[in-house]
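Counting in the working numbering, the sequence shown runs from 1 upward without gaps.
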Amino acid sequence: MNQMHCLSDVGKVRTHNEDAAQIFSNDFVTVMAVADGMGGHACGDIASQIAIEKVKAKFNADTQFLVQDAARRWLKEVLQEINGEIISYIEENKVEKGMGTTMVIAILAPTFISFGHVGDSRAYLMTASGLRQITKDHTFVGKLIEEGKLSKKKAKSHPHRNVIMNALGVSSTLKFDYLLLENFDLKGVLLCTDGLTSMVEDPDIEEVLEKDLPVEEKVGRLIDLANEKGGRDNVTAALYEFGKGSVQK
1 MNQMHCLSDV GKVRTHNEDA AQIFSNDFVT VMAVADGMGG HACGDIASQI AIEKVKAKFN
61 ADTQFLVQDA ARRWLKEVLQ EINGEIISYI EENKVEKGMG TTMVIAILAP TFISFGHVGD
121 SRAYLMTASG LRQITKDHTF VGKLIEEGKL SKKKAKSHPH RNVIMNALGV SSTLKFDYLL
181 LENFDLKGVL LCTDGLTSMV EDPDIEEVLE KDLPVEEKVG RLIDLANEKG GRDNVTAALY
241 EFGKGSVQK
């Protein structure tokens with residue numbers, strides 16, 4: 001049987017949680033959503049909640065995606081509406097700080113998996129050969145890494161490592177990455193905010209995910225691990241694991 005769970009924690013330093021996450025599931029499809037708000041208290045948390053509530057409003061018991069293009073259109077529509085609603089909130093409330101949110105959404109349909117991604121919250125795949133990050137961070141250092149100008153190791157301590165290059169609510173023009181998986185053979189899918197990945201290395205995340213434990217305990221251990229290493233940010237993780245015989249080939 002497939003298992004799923006998500007959890008968000010304020011961490012050890014912040015006084016409020018600007019992350020938000022939820023998993024929606026019906027008889028046809030599962031949608032996972034993780035958001036990391038920006039702009040400080042009463043801004044970042046509102047932005048991330050707008051994002052999750054919009055996904056919730058667009059999902060119901062009859063939601064299904066019979067073709068891949070329908071999933072792409074749905075993701076684009078959801079992200080556009082989130083982007084517009086945050087911009088409207090900024091204008092109506094005269095928000096002066098950089099209010100916005102990152103977002104990563106996964107659609108797990110019976111024959112494909114698709115992702116919509118903005119910012120530096122990540123999507124990982126759990127495969128037979130290990131854990132693999134499939135999203136690219138929309139950050140200043142992420143761009144340098146992609147261009148071959150900076151190593152992942154040096155990026156961890158780069159003075160501009162927290163500079164986000166793309167987020168929902170910062171521009172009327174929506175830019176997002178769309179990823180599609182067909183013929184997949186996976187153990188699971190992990191979505192998380194940078195509160196986890198900035199504190200915990202990928203091999204340590206993989207070690208937790210490979211343990212023979214319920215998904216609730218695995219997610220809890222990831223949160224605990226980030227906090228044990230300092231918990232300098234809010235930390236959020238959403239995990240979906242495929243039961244035996246449920247993967248596509």
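Glycine included, every Cβ here is placed at the ideal spot set by N, Cα and C.
Around the C-beta of V118, 16 or more other C-beta atoms lie within 10 Å, and the residue is accordingly described as buried.
Contact between the segment 91-100 and the segment 131-138 is absent, with fewer than three C-beta pairs closer than 8 Å. Straight across, the Cα-Cα distance linking I86 with C192 is about 21 Å. Between the beta-carbon of T101 and that of A167 there is about 6 Å, and that keeps the pair under the 8 Å contact cut. A straight-line Cα-Cα distance of about 21 Å links S121 and E210.
Pairing M199 with D185, the inter-Cα distance amounts to about 29 Å. The Cβ neighbour count for N183, taken over all protein chains shown within 10 Å, is under 16; the residue is labelled exposed. According to the DSSP assignment, T127 belongs to the beta strand (DSSP E) that extends over R122 to T127.
Annotated as distal: D233 and G37, with beta-carbon spacing of 8 Å or more. For L131, same chain residues with a beta-carbon under 7 Å away, outside a window of 5 residues either side, are Y124, D202, I205, E206 and L209 in chain order. Here DSSP, grouped into helix, strand and coil, assigns D185 to coil.
Unbroken alpha helix (DSSP H) stretches of 4 residues or longer found wholly inside the segment 10-34: none.
The Cβ atoms of V104 and F115 sit closer than 8 Å to each other.
For S114, there is no enclosing alpha helix (DSSP H); the residue is found in the beta strand (DSSP E) stretching over F112 to V118. Here L225 has V200 as same chain residues with Cβ atoms under 6 Å from its own Cβ, once five neighbours each way along the sequence are excluded.
Beta-bridge analysis with DSSP links T139 to I164.
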